[in-house]
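Residue numbering for the sequence shown follows the UniProt record's numbering, starting at 1 and increasing by one per position.
Comments concern the structure below.
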Amino acid sequence: MRERAFTQQEGGRQSSPAACGPLFLGIDGGGSKCKARLVDASGALLAVAVAGPANAFQDQAGAREAMLASARQALATAGLAPELLGQLRVGAGLAGVNIPRVAGEMRQWQHPFAALYLETDIHIACLGAHGGADGGIIVAGTGSVGYSYAGGRGSSVGGHGFPAGDHGSGAWLGLRALQSALLALDQLGPETGLLDAIERQLGATGTGLVDSMAGARPREYGALAPLVLECADAGDAVAVAIVAEGADYLTRLGRRLLDDGAPALAMLGGLAPRLLPWLAADVRERVLAPVAEADVGAVQLAMSAGADAAQA
């Protein structure tokens with residue numbers, strides 16, 4: 001799964017003492033921001049920087065610019081010369097490069113770095129969560145996906161997008177809650193406190209709920225997910241059934257990752273703490289606390305891939 005670097009010509013001016021040793025930059029690029037982590041050869045943190053969105057599927061040019069902006073900002077924050085951009089060995093995990101066409105086009109980029117090791121955002125999240133060791137992750141945020149990395153091979157499960165996929169995610173929980181509330185409104189489904197809760201949050205009643213959510217995006221459905229969990233905690237049977245269904249899917253994701261060779265799991269995403277107790281015991285007992293965040297995993301990618309390239 002690990003990618004070979006595509007390199008540019010080295011030899012930029014060494015206008016800083018740090019240029020005497022290699023510099024590594026880890027980039028975690030997603031739909032909301034691009035976070036960069038700059039370290040020296042020992043792994044010591046030099047700077048952290050944040051730039052704009054870096055979803056390569058949605059906007060390749062924007063993703064490239066965000067990567068460059070975060071790299072330049074990291075150098076500036078560390079007090080290093082901008083010329084050192086050409087000496088950075090970069091490990092980048094970007095949303096969207098799971099699409100082969102997007103990955104291929106991104107790898108054609110004539111970047112200014114010494115080397116760029118490109119992976120998916122989910123891959124670097126897994127590396128960070130397990131400290132670079134083999135493992136798997138269950139992601140339960142606005143969307144959901146499972147990913148394992150074991151024996152040098154990465155494998156993803158789910159993550160097909162909302163509304164067709166992403167079961168057990170915040171968006172999915174919100175959609176199921178709205179559907180159940182409308183069934184209760186029409187007296188075609190069991191009564192549920194979700195109807196009142198959603199009406200209060202949206203500031204609409206009855207069929208006005210439909211108008212309020214017309215054209216809603218995944219994150220807007222995801223904003224309803226806490227209501228489902230609160231109602232489930234209060235014993236609302238409909239909410240309990242929704243959460244249990246979502247948790248069953250995430251449990252099956254976890255089992256698949258373990259079957260694929262992941263020795264341990266981590267659960268990531270904004271809903272992870274709330275949904276972990278709902279998982280079946282055989283999966284829940286294999287879930288460990290994440291070691292680090294995705295930008296740390298990106299640094300690990302840069303350092304380990306660079307070491308592999310040096311030995312090749």
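Every residue gets a Cβ at the ideal spot worked out from N, C-alpha and C, and that includes glycine.
Cα-Cα separation, residue i to residue j
{"i": "Ala78", "j": "Ala294", "result": "20 angstroms"}
{"i": "Ala204", "j": "Leu185", "result": "13 angstroms"}
{"i": "Gly93", "j": "Ala114", "result": "17 angstroms"}
{"i": "Ala232", "j": "Arg37", "result": "39 angstroms"}
{"i": "Leu85", "j": "Gly21", "result": "13 angstroms"}
{"i": "Met303", "j": "Arg274", "result": "34 angstroms"}
{"i": "Ser32", "j": "Val97", "result": "16 angstroms"}
{"i": "Val139", "j": "Gly246", "result": "12 angstroms"}
{"i": "residue 396", "j": "Ala177", "result": "Beyond the ends of the chain as shown, which are 1 and 312, falls residue 396; an answer cannot be given."}
{"i": "Leu88", "j": "Ala223", "result": "39 angstroms"}
{"i": "Leu194", "j": "Ile122", "result": "32 angstroms"}
{"i": "Gly11", "j": "Gly261", "result": "With a pLDDT of 35 at Gly11, under the threshold of 50, the modelled position of that residue is not reliable, and the figure given next carries that caveat. Straight-line Cα distance between these residues: approximately 42 angstroms."}
{"i": "Ala197", "j": "Ala234", "result": "12 angstroms"}
{"i": "Ala74", "j": "Val291", "result": "23 angstroms"}
Reduced DSSP category for residue i - H, G, I as helix; E, B as strand; rest coil
{"i": "Met213", "result": "coil"}
{"i": "Asp166", "result": "coil"}
{"i": "Ala181", "result": "helix"}
{"i": "Leu127", "result": "helix"}
{"i": "residue 386", "result": "Any question about residue 386 goes unanswered here, given that the chain covers just 1 to 312."}
{"i": "Glu293", "result": "coil"}
{"i": "Asp28", "result": "strand"}
{"i": "Ala56", "result": "coil"}
{"i": "Gly12", "result": "Here the model assigns Gly12 a pLDDT of 37, short of 50, so the residue's position is not dependable, and the following value carries that caveat. Residue state, collapsed to three classes: coil."}
{"i": "Ala47", "result": "strand"}
{"i": "Arg219", "result": "helix"}
{"i": "Glu119", "result": "strand"}
{"i": "Gly254", "result": "helix"}
{"i": "Ser70", "result": "helix"}
{"i": "Gly136", "result": "strand"}
{"i": "Asp186", "result": "coil"}
{"i": "Thr7", "result": "The pLDDT assigned to Thr7 is 39, lower than 50, so where the model puts this residue is not dependable; a value taken from the coordinates is nonetheless given after this. Here Thr7 sits in strand by DSSP."}
{"i": "Asp233", "result": "helix"}
{"i": "Arg286", "result": "coil"}
{"i": "Gly161", "result": "coil"}
{"i": "residue 320", "result": "Given a span of 1 to 312 for the chain in the structure shown, any question on residue 320 remains unanswerable."}
{"i": "Asp196", "result": "helix"}
{"i": "Leu279", "result": "coil"}
Nearest to residue i (by Cα), restricted to the options the options
{"i": "Asp259", "options": "Glu230, Gly297, Ala181 and Tyr147", "result": "Tyr147"}
{"i": "Thr192", "options": "Val48, Arg37 and Ile242", "result": "Ile242"}
{"i": "Ala125", "options": "Leu265, Arg274, Trp278 and Leu276", "result": "Leu265"}
{"i": "Asp166", "options": "Gly141, Gly189 and Ser180", "result": "Gly141"}
{"i": "Leu118", "options": "Leu25, Ala244 and Gly269", "result": "Leu25"}
{"i": "Ala272", "options": "Gly52, Gly261 and Val287", "result": "Val287"}
{"i": "Lys35", "options": "Val299, Ala51 and Leu23", "result": "Ala51"}
{"i": "Val102", "options": "Val283, Gly128 and Arg64", "result": "Arg64"}
{"i": "Val145", "options": "Leu253, Pro112 and Gly30", "result": "Leu253"}
{"i": "Ala54", "options": "Ala41, Gly136 and Ala95", "result": "Ala95"}
{"i": "Arg284", "options": "Val299, Arg200 and Leu276", "result": "Leu276"}
Paired residues, beta bridge with residue i - DSSP
{"i": "residue 319", "result": "Nothing can be reported for residue 319: it is not among the residues displayed for the chain, which extend from 1 to 312."}
{"i": "Arg153", "result": "Ala150"}
{"i": "Ser144", "result": "Ala140"}
{"i": "Lys35", "result": "Asp28 and Val50"}
{"i": "Asp40", "result": "Leu23"}
{"i": "Gly266", "result": "Looking at the sequence itself, residue 266 is Ala, so the reference to Gly does not match. DSSP lists Ile137 and Leu288 as partners of Ala266."}
Minimum Cβ-Cβ distance from residue i to chain C less than 8 angstroms
{"i": "Arg286", "result": "Structure shown: chain C not included; a single protein chain is present."}
Measuring CB atoms only, is the segment 154-172 touching the segment 56-66, in the sense that at least three cross pairs come out at less than 8 angstroms?
Three or more beta-carbon pairs separated by less than 8 angstroms are not found between the segment 154-172 and the segment 56-66, which leaves the two stretches without contact.
Decide yes or no for the touch test of the segment 216-229 against the segment 171-190: beta carbon pairs closer than 8 angstroms, at least 3 of them.
Touching, yes, given that three or more Cβ pairs across the two stretches are closer than 8 angstroms.
Count the C-beta pairs between the segment 98-110 and the segment 249-257 that are closer than 8 angstroms, then say yes if the count reaches three, no if not.
Under the three-pair Cβ rule at 8 angstroms, the segment 98-110 does not count as touching the segment 249-257.
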